[in-house]
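In what follows, a single structure is set out as structure tokens and then discussed.
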Amino acid sequence: FFIPYFFVPMKMMNMMKGKAEAEFSDDSTFILSILGISTTIGRVLIGWVADRPWSNTYFINNGSMVLAGLVTVVCPFLDGNAQMTIFAVGFGFFTAGFLSLRSIVLVDLIGLDRLTSSFGLLLLFQGIASIAGSPIAGRIMGCTGSIDSVFYLSGSLLTFAGVLGCFMPMLKPRDVHSHFDEEEMVDYPMNSELEMIEQVKLPDTRM
339 FFIPYFFVPM
349 KMMNMMKGKA
359 EAEFSDDSTF
369 ILSILGISTT
379 IGRVLIGWVA
389 DRPWSNTYFI
399 NNGSMVLAGL
409 VTVVCPFLDG
419 NAQMTIFAVG
429 FGFFTAGFLS
439 LRSIVLVDLI
449 GLDRLTSSFG
459 LLLLFQGIAS
469 IAGSPIAGRI
479 MGCTGSIDSV
489 FYLSGSLLTF
499 AGVLGCFMPM
509 LKPRDVHSHF
519 DEEEMVDYPM
529 NSELEMIEQV
539 KLPDTRM
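For the sequence shown, my numbering assigns the number 339 to the initial residue and increments by one for each residue that follows.
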């Protein structure tokens, strides 16, 4: 996931050989800015869609991950600022899907009571991957002599992760409830309050 952010400027450098350094810097900054803007917009839009009653968070999460991977695999075939801009819009928007739905998917899988610990573990492994991913990708690029292999690796892993995520609902424990039963949410508080009222004895204020 983080690999394209590090290697897109190098991809732009290979595309713009012979151009002035200032022009290359402006183009790379523009592409990275488009990545950030599209990710921000994608988080808002995908979050809104995921909040609809008819939406399926698993489908949105895994589908966006697969699409982000496919866009990354196609990146080595792109040439020119216009095509790289389209890549930046697509990659930024699709990665926003699984970034904004992580906590929701965790609640659906293992329950609200385990969200804190599970989200902490998720961020731990994500941090390890982000630290190790770029050096490994750089090593692969050094061995192959081509930056294209980096995008193939990143895109393939994202696509595989999205496909693997389709099997997550099968691993969901049967005793996990991501939300309270509607009758339980209504009846329990009312019954508890009535019992408390019945047990309370008002002090005698008469003289």
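All C-beta atoms in this analysis are idealised placements derived from N, C-alpha and C, irrespective of residue type, glycine included.
CB-CB length for residue i against residue j, believed under 8 Å
i: residue 423; j: residue 369; result: 7 Å
i: residue 432; j: residue 467; result: Not confirmed; about 18 Å, so no contact.
Euclidean distance between Cα positions of residue i and residue j
i: residue 487; j: residue 403; result: 19 Å
i: residue 401; j: residue 427; result: 16 Å
i: residue 444; j: residue 386; result: 18 Å
i: residue 350; j: residue 448; result: 42 Å
i: residue 384; j: residue 378; result: 10 Å
i: residue 381; j: residue 393; result: 15 Å
i: residue 418; j: residue 409; result: 16 Å
i: residue 460; j: residue 482; result: 31 Å
i: residue 496; j: residue 462; result: 18 Å
i: residue 478; j: residue 391; result: 44 Å
i: residue 474; j: residue 340; result: 12 Å
i: residue 457; j: residue 376; result: 25 Å
i: residue 353; j: residue 345; result: 12 Å
i: residue 509; j: residue 437; result: 21 Å
i: residue 455; j: residue 446; result: 14 Å
i: residue 304; j: residue 421; result: Because the chain spans 339 through 545 in this model, residue 304 falls outside it and cannot be assessed.
i: residue 504; j: residue 425; result: 25 Å
i: residue 470; j: residue 501; result: 23 Å
Cutoff 8 Å; reference residue i; Cβ partners in own chain excluding five residues on either side
i: residue 343; result: 370, 373
i: residue 499; result: 403, 407
i: residue 453; result: 441, 444, 445
Sequence-distant residues of the same chain with beta carbon closer than 7 Å to residue i, five excluded per side
i: residue 558; result: Nothing can be reported for residue 558, as the shown portion of the chain is limited to 339 through 545.
i: residue 429; result: 342, 373, 406, 409, 410
i: residue 506; result: 396, 447
i: residue 472; result: 340, 341, 344
Own chain residues within Cβ distance below 6 Å of residue i, not counting five before or after
i: residue 347; result: 366
Inset, instruction - Entirely within the region 375–451 and at least 4 residues each: give me those alpha helix (DSSP H) ranges in chain order. - result: Counting only runs of 4+ residues, the alpha helix (DSSP H) found wholly inside the region 375–451 occupies 395–412, 419–438, 440–448, in chain order.
Inset, instruction - Could you say if the region 403–416 and the region 492–503 meet the contact criterion of at least three C-beta pairs nearer than 8 Å? - result: Short answer: they touch.
Legend entry - Length at least 4, wholly inside the region 453–512: the alpha helix (DSSP H) runs in chain order: Taken in chain order, the complete alpha helix (DSSP H) segments of 4 or more residues contained in the region 453–512 are 453–482, 486–503.
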